[in-house]
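Participant: Taking the working numbering, the leading residue of the sequence shown gets 296, the next gets one more, and so forth.
Before anything else, here's the structure in question.
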Amino acid sequence: MSLPSRIEAEQRYEKLRALALEVTQNSLTGNLKLTQITPRALEATQNWVSSRLRQYNWDWPQNYSYYEKSYPKRFEIAVWENNILTAISLGRPTYHATGMRLDVVEAMPRDLGERSNVFDTIILAYEIYARMISANHIRIMNPVNETVRAFYERYGYQYIAKGNYLTRDIL
């Protein structure tokens, strides 16, 4: 039995990503719309560069291109509120695929407009995708500072200093 080709893997996981977003979307009320990362979403992140409140200057177009080419099992989500990109995230399974890594998550800086706190929605989507690939925990990798780390800890995540990540079993 041969391993699936890169194209077959991308197609298989594309369907799982879309289904995880659909299931999450169906649980929401209000004006949020969930999509995979699109050229329009990547373009919208460029508006965030001018913010004085931005925590980390992550180059979404460049880094997304790398993830897209390197990780067919990745999970990606763009969160839109009233047709404005308010958050975006990328992750992938852990090395042994027992967990799901949330590698990068960024919300629109507050000095650029009002937005809801959408972390609950993002983490729900990750958990649904993780269940689909038989992962049993979520890891939030490399929190950018103590304030961000404390934010995740309020959601029940435990910090692991040796790996610089937070983890929580999927309920």
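Even for Gly, the Cβ is constructed at its ideal location relative to N, Cα and C.
Please read these numbers as outputs of a predicted model, since none were measured by experiment.
#1: Rounded to the nearest angstrom, how far is the Cβ of T333 from that of T416, given a contact under 8 angstroms?
#2: I think Q306 touches V439, with their Cβ atoms under 8 angstroms apart; what is that distance to the nearest whole Å?
#3: Out of I418, V400, N437, I455, point me to the one whose CA is closest to L466's CA.
#4: Buried or exposed: R387, going by 16 or more other Cβ atoms within 10 Å of its Cβ?
#5: Could you say which of M403, I435, N412, R410 lies nearest to W355 if we only look at CA atoms?
#6: To the nearest whole angstrom, what separates the beta carbons of L397 and N342, a pair I think is in contact under 8 angstroms?
#7: When DSSP labels each residue in this structure, what does K457 get in the three-state scheme?
#8: Might you give, ordered along the chain, the residues of its own chain that have their beta carbon closer than 7 angstroms to the beta carbon of D464, omitting 5 neighbours on each side?
#9: DSSP beta-bridge partners for D464?
#10: Got a sec, what are the start and stop residues for the alpha helix (DSSP H) V443 sits in?
#11: Measure how close the beta-carbons of L316 and A420 come, nearest whole angstrom, since I'm counting them as under 8 angstroms.
#12: Nearest-angstrom Cα distance between N377 and I435?
#13: If you draw a straight line from the C-alpha of V399 to the C-alpha of Y362, how long is it?
#14: Cα-Cα, which of K364, Y424, N412 is closest to F370?
#15: Mark S384 as exposed unless 16 or more other C-beta atoms lie within 10 angstroms of its C-beta, in which case mark it buried.
#16: Here's the rule I'm using: 16 or more other beta-carbon atoms within 10 Å means buried, otherwise exposed. How should G394 be labelled?
#17: Please give the ranges of any alpha helix (DSSP H) in the stretch 355-380, keeping only runs that are unbroken, at least 4 residues long and fully inside the region.
#18: Restricting to runs no shorter than 4 residues, where is the alpha helix (DSSP H) found entirely within the stretch 334-358?
Facilitator: Reading from the atomic positions:
#1: Contact flag wrong, Cβ pair sits at about 18 angstroms.
#2: Between V439 and Q306 the Cβ distance is about 34 angstroms, and since that is not below 8 angstroms, they are no contact.
#3: I418
#4: buried
#5: M403
#6: No, L397 and N342 are not in contact; Cβ-Cβ is about 23 angstroms, not under 8 angstroms.
#7: coil
#8: N431, H432
#9: H432
#10: 441-448
#11: 6 angstroms
#12: 27 angstroms
#13: 11 angstroms
#14: Y424
#15: buried
#16: buried
#17: 355-365
#18: 334-340
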